[in-house]
Amino acid sequence: MASANDARYGQKDSAEQNFDYMFKVLIIGNSSVGKTSFLFRYADDSFTPAFVSTVGIDFKVKTIYRNDKRIKLQIWDTAGQERYRTITTAYYRGAMGFILMYDITNEDSFNAVQDWSTQIKTYSWDNAQVLLVGNKCDMEDERVVAGQRGRQLSEQLGFEFFEASAKDNINVKQTFERLVDVICERMSENLESADPSMTGNKLGPELSEQPQRSHKDCAC
Amino acid sequence: MTDTMFGSENEQWVCPNDRQLMLRAKLHTGWSIHTFQSERQRKAQALEKRELDLIMSVIHRAEQLELIEQHRIGRLVERLDNMRSSAMGNGLSQCLLCGEVFGLLGSSSVLCLDCCMKVCTKCGIETTAGGQKRTQWLCKICSEQREVWKRSGAWFYKALPKHIRPIKDSILDNRKPVIERGEQLPVARSAPISYTWAQSRVYLSESDGSDAELSECSSDRKTFASETNQRRDSESSGGQVQTPQSSFTSPTRGNVHIESPSSLVSEQSSSSSFNPGLEDEVIDHSRTLLTPPALSRAGSLRSSSTSQKSEGPQADANRDEDDLDQAFGATALVASKKEEEPDVEGYDSDDSTTLGTLDFSLLYDQENNALHCTINKAKLPVPRYKKGLKPMDHNGLSDPYVKLHLLPGASKANKLRTKTLRNTLNPVWSETLTYYGITDEDMVRKTLRISVCDEDKFRHNEFIGETRIPLKKLKPNQTKNFSNCLEKQLPIDKTDDKSLEERGRIMISLKYSSQKSGLVVGIIRCAHLAAMDANGFSDPYVKTYLKPDENKKSKHKTAVKKKTLNPEFNEEFFYEIKYADLSKKTLEVTVWDYDIGKSNDFIGGVSLGINASGERLKHWFDCLKNKDKKIERWHTLTNELPGSGYND
Numbered sequence: 001m002a003s004a005n006d007a008r009y010g011q012k013d014s015a016e017q018n019f020d021y022m023f024k025v026l027i028i029g030n031s032s033v034g035k036t037s038f039l040f041r042y043a044d045d046s047f048t049p050a051f052v053s054t055v056g057i058d059f060k061v062k063t064i065y066r067n068d069k070r071i072k073l074q075i076w077d078t079a080g081q082e083r084y085r086t087i088t089t090a091y092y093r094g095a096m097g098f099i100l101m102y103d104i105t106n107e108d109s110f111n112a113v114q115d116w117s118t119q120i121k122t123y124s125w126d127n128a129q130v131l132l133v134g135n136k137c138d139m140e141d142e143r144v145v146a147g148q149r150g151r152q153l154s155e156q157l158g159f160e161f162f163e164a165s166a167k168d169n170i171n172v173k174q175t176f177e178r179l180v181d182v183i184c185e186r187m188s189e190n191l192e193s194a195d196p197s198m199t200g201n202k203l204g205p206e207l208s209e210q211p212q213r214s215h216k217d218c219a220c
Numbered sequence: 001m002t003d004t005m006f007g008s009e010n011e012q013w014v015c016p017n018d019r020q021l022m023l024r025a026k027l028h029t030g031w032s033i034h035t036f037q038s039e040r041q042r043k044a045q046a047l048e049k050r051e052l053d054l055i056m057s058v059i060h061r062a063e064q065l066e067l068i069e070q071h072r073i074g075r076l077v078e079r080l081d082n083m084r085s086s087a088m089g090n091g092l093s094q095c096l097l098c099g100e101v102f103g104l105l106g107s108s109s110v111l112c113l114d115c116c117m118k119v120c121t122k123c124g125i126e127t128t129a130g131g132q133k134r135t136q137w138l139c140k141i142c143s144e145q146r147e148v149w150k151r152s153g154a155w156f157y158k159a160l161p162k163h164i165r166p167i168k169d170s171i172l173d174n175r176k177p178v179i180e181r182g183e184q185l186p187v188a189r190s191a192p193i194s195y196t197w198a199q200s201r202v203y204l205s206e207s208d209g210s211d212a213e214l215s216e217c218s219s220d221r222k223t224f225a226s227e228t229n230q231r232r233d234s235e236s237s238g239g240q241v242q243t244p245q246s247s248f249t250s251p252t253r254g255n256v257h258i259e260s261p262s263s264l265v266s267e268q269s270s271s272s273s274f275n276p277g278l279e280d281e282v283i284d285h286s287r288t289l290l291t292p293p294a295l296s297r298a299g300s301l302r303s304s305s306t307s308q309k310s311e312g313p314q315a316d317a318n319r320d321e322d323d324l325d326q327a328f329g330a331t332a333l334v335a336s337k338k339e340e341e342p343d344v345e346g347y348d349s350d351d352s353t354t355l356g357t358l359d360f361s362l363l364y365d366q367e368n369n370a371l372h373c374t375i376n377k378a379k380l381p382v383p384r385y386k387k388g389l390k391p392m393d394h395n396g397l398s399d400p401y402v403k404l405h406l407l408p409g410a411s412k413a414n415k416l417r418t419k420t421l422r423n424t425l426n427p428v429w430s431e432t433l434t435y436y437g438i439t440d441e442d443m444v445r446k447t448l449r450i451s452v453c454d455e456d457k458f459r460h461n462e463f464i465g466e467t468r469i470p471l472k473k474l475k476p477n478q479t480k481n482f483s484n485c486l487e488k489q490l491p492i493d494k495t496d497d498k499s500l501e502e503r504g505r506i507m508i509s510l511k512y513s514s515q516k517s518g519l520v521v522g523i524i525r526c527a528h529l530a531a532m533d534a535n536g537f538s539d540p541y542v543k544t545y546l547k548p549d550e551n552k553k554s555k556h557k558t559a560v561k562k563k564t565l566n567p568e569f570n571e572e573f574f575y576e577i578k579y580a581d582l583s584k585k586t587l588e589v590t591v592w593d594y595d596i597g598k599s600n601d602f603i604g605g606v607s608l609g610i611n612a613s614g615e616r617l618k619h620w621f622d623c624l625k626n627k628d629k630k631i632e633r634w635h636t637l638t639n640e641l642p643g644s645g646y647n648d
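One line per chain: the protein sequences are A and B, in this order. full-length UniProt numbering puts the first sequence at residues 1 to 220. full-length UniProt numbering puts the second sequence at residues 1 to 648.
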């Protein structure tokens, strides 16, 4: 079947469907906490110290191999400034996972986590998974938010928690891999818990199929 | 952001004032919400074109990725449908997929967990479901179903592929097999699809009545329904969103998800929208929901505009058809109706002066018995709509010409006509028309009628106005100028027509020659003869008799003049007779139309003698009293002659 598919759709189509799942992920948080640097570190493994404010929205695509499955990630980077809020919130609905980021050297960005959490609940699907990430953990001397405070807040909000550094490439890959894992777990749970409704919904086509099958018997 | 916190504060926090004040102090926004809102409003308006271009390029890139993803999902659904359609067994005594018969001699069967059908161990897949230790089986179809569910993201968007996928696949442009399959599946599954659409319609009517009237495809309708449902659940749960079990949502909401940012970008640049609070954000979210219906409404406006354009040529074609019908109808009218219709038009006019004016001059040349009519110019009104009638010309102008008649006795012989001037309401003819053979008797009795008409190529000529001049007003050999107002058409006096019908005029000369002892009769010429042929002319010749004549020896004929109503003969005939006997005789002169192969047509005749009257008697007496003197006179031809036969 696989070889038939390859011959049938050609090389490009084969490359395009060379993955099993596609997940859409969104990175949100206050301005200048390091969202874009975090994405560039994970997607391109590069880091730029200079700060350039993101305009509106941007995304990158990366395919990873996780749990014997090829997963294609579409990672959206949003602008943290207030003036782009109406644009960025429009993309919340399509996201399966969120990375809510704050800066451990900036008390305001940590205090805004509660507000960002409210926005996620307002604009996204209820199935979405959220990870709380404290960025710039390499700047220990300028830390103003203790790791324990971040963990307590994430437990209170029901999120997973990581402290990471885009500059030193600390916990960047682990953050995304953990997000993929929790999305896959949610997918499996959804599939199993949906069995009754799935079976119920399948009664329709079966009922419509039976007259067709009996018609075939009559023909025989 | 502070306002957002203020909104959530009411739900979760005990001391809103302290937190609000603390955050404001840290954000350096002062103590006034008004100041904060002004600052936010200013920032919202400052989105530059460069920034919009960047955002649009990202959106375009995302749309391309989305399209590739839709093709991939379509292939997954197609593969699943192929597996499902290739099933051969009944799932009870046979394997659902390969149709192998179960039994003592056959293979063992297992029950599928999802569809409860029996399959052989080759066509089933063993799986461990949940916490149960007992192994569960899935048929390959149901296993593939679950894989499609995972790979397409349907597990997240709460959409079951078998209900949505075929309809979405049918809109793929470059995949014909998918289109064909999409057309088949809705027929097989009409019941659940109808149920799904009914559900979404109910939701739409609940959310907004006007939305239900919009014509949208079913996928978009489901998307709005699901979003509305999502919104309602979020609001009711107060931030703690529960898991909705809706089964009619669609992954095509991704399309709406992509389209909304484009609208938001343009909205951001055109208006000063900002989100001062949670409620405003909710309103903004609702505005996003309504954006695609607006686009749909604009599309319908465009289509209606197109239909209006298409009506234009049809309306013009109908008008042309009306013109043709009127042209055909007009040509079918008989002559009498032509005369009646101008009367109807005349009655419609309120003021006779509005029919225009005509400048002309008349001169009676008594010596030559000629009436010269010079038509100078006219000033005509703009044609206007009468009751139920169309204007005389579409361009608002006329093609006028002038007709002259001598009344009574309206016949073709005494009708004259000017040339037609095109597209003018102020025609200048400067044309002289002459009546010949006008005697002093005619000048006392006759009336000249001058009519102005509008010539039309496709319809009968339109009457504009007329004026009448009694000829007795004119003094001989004096030119008189007229500038008369045109009047509506007067009814023609038919009583005069019943009397002797005039058939033209003839000039005859008489002289009794004493030397020859006989009467010399000269046929000079005729004028305004009646047309007897279809071509509008006659081929006239003249016969003369001196009666009574027992032997018919006095018959004389002139030559035939071809195709003319004003022939010149200039012939003389001699009758030998004594002067004493001449007073008892009567001269008969008749004019005929010569026809080859047919009997000749009688045009008119005149008789001179002691029994004649009027001008003819005077001419006869003058001849008797003045011997050896040639006397020429004009005489009117009439259509009957006492004692004269019509035989040639």
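The C-beta atom is built at its ideal place from N, Cα and C for all residues, glycine as well. In this text the structure is predicted, and so the values were computed from the model without any measurement.
For A/Arg85 and B/Cys95, what's the separation of their Cα atoms in angstroms?
Spanning the two alpha carbons is a distance of roughly 57 Å.
On the criterion of 16 or more Cβ atoms from any shown chain inside 10 Å, does B/Glu51 qualify as buried, or is it exposed?
Buried, since its Cβ has 16 or more Cβ neighbours within 10 Å.
State yes or no: is the beta carbon of A/Leu191 nearer than 8 Å to at least one beta carbon in chain B?
Look at A/Leu191: its C-beta is under 8 Å from a C-beta on chain B.
Cα-Cα, which of A/Asn67, A/Ile87, A/Gln81 is closest to B/Met56?
With distances taken between Cα atoms, B/Met56 lies closest to A/Ile87.
Mind checking B/Leu529: buried by the 16 CB within 10 Å criterion, or exposed?
buried
Take B/Asp628 as the anchor and find which of B/His635, B/Val591, B/Tyr579 has the nearest alpha-carbon.
Looking at the Cα atoms, B/Tyr579 is the closest of the given residues.
Within the continuous alpha helix (DSSP H) that includes B/Asn423, where are the two ends?
It is not in any alpha helix (DSSP H) - B/Asn423 carries neither H nor E in the DSSP assignment.
Identity of the residues DSSP links to B/Cys373 by a beta bridge:
B/Leu362, B/Leu433
Using a Cβ cut-off of 8 Å, pull out every chain A residue sitting near B/Trp149, in sequence order please.
Within chain A, the residues near B/Trp149 are Leu191.
Under the rule that 16 or more other beta-carbon atoms within 10 Å means buried, what is B/His619, buried or exposed?
buried
Is A/Gln148 close to chain B, meaning its C-beta is less than 8 Å from at least one C-beta of that chain?
no
Here's a check: name, in chain order, each residue in its chain whose Cβ is nearer than 6 Å to the Cβ of B/Glu576, leaving out the five neighbours to either side.
Gly518
So with CB distances below 7 Å, who are the chain B contacts of A/Asn106?
One finds nothing in chain B with a Cβ atom closer than 7 Å to the Cβ of A/Asn106; even the nearest lies about 11 Å away.
Contiguous alpha helix (DSSP H) assignments of at least 4 residues, all confined to the region 558 to 608 of chain B
579 to 582
Can you give me, in chain order, the residues of the region 50 to 63 of chain B that have a beta carbon less than 7 Å from any beta carbon in chain A?
Glu51, Leu54, Ile55, Val58, Ala62
Let me see if you follow: with CB-CB separation under 8 Å, is A/Asn67 close to chain B or not?
no
Is B/Leu624 a contact residue of the ligand SAM, with contact defined as CB to any heavy atom under 7 Å?
Absence of the ligand SAM from the depicted structure is noted, as is the absence of any ligand whatsoever, leaving it without description.
DSSP puts B/Cys112 in a beta bridge; with which residues?
B/Trp137
Given 8 Å as the limit, is there contact between the region 153 to 163 of chain A and the region 30 to 46 of chain A, that is, 3 or more CB pairs closer than that?
no
For the 8 Å Cβ check, are there 3 or more pairs between the region 548 to 567 of chain B and the region 607 to 624 of chain B?
no
Say whether the region 65 to 73 of chain A touches the region 116 to 128 of chain A, bearing in mind that this needs 3 or more beta-carbon pairs closer than 8 Å, one atom from each stretch.
no
With a cut-off of 8 Å, does the C-beta of A/Gln156 fall near any C-beta of chain B?
no
Run down chain B in chain order and give the residues with a C-beta less than 7 Å from the C-beta of A/Ile57.
Ile55, Val58
Which value, in whole angstroms, describes the spacing of the CA atoms of A/Lys60 and A/Phe40?
9 Å
Please classify B/Thr636 as buried or exposed, where buried requires at least 16 neighbouring CB atoms within 10 angstroms.
buried
Does DSSP put B/His528 in a helix, in a strand, or in coil?
coil
Measure from the C-beta of A/Val145 to each C-beta in chain B and report whether the shortest distance is under 8 Å.
no
Is the distance from the Cβ of B/Ile464 to the Cβ of B/Val452 below 8 Å?
yes
For my contact list, residue 650 of chain B and B/Cys123 are in at a C-beta cut-off of 8 Å; report their separation, rounded to the angstrom.
Past the boundaries of the shown model lies residue 650 of chain B; chain B is included only from 1 to 648, so the question cannot be answered.
Beta-carbon of A/Asp20 versus every beta-carbon of chain B: anything under 8 Å?
yes
8 Å Cβ cutoff, B/Leu23 in contact with chain A:
yes
Neighbourhood of B/Thr127 by C-beta distance below 7 Å, restricted to the same chain and skipping five residues each side
Gln136, Leu138
Terminal residues of the continuous beta strand (DSSP E) containing A/Arg97?
Contrary to the premise, residue 97 of chain A reads as Gly rather than Arg in this sequence. That run of the beta strand (DSSP E) goes 97 to 103.
N- and C-terminal bounds of the alpha helix (DSSP H) containing B/Tyr157
154 to 157
Return the residue from the list A/Lys173, A/Tyr42, A/Phe162 that minimises the CA-CA distance to A/Asn135.
Selected option, being the one with the closest Cα: A/Phe162.
Spatial distance of B/Gln64 from A/Val113 (CA atoms):
33 Å
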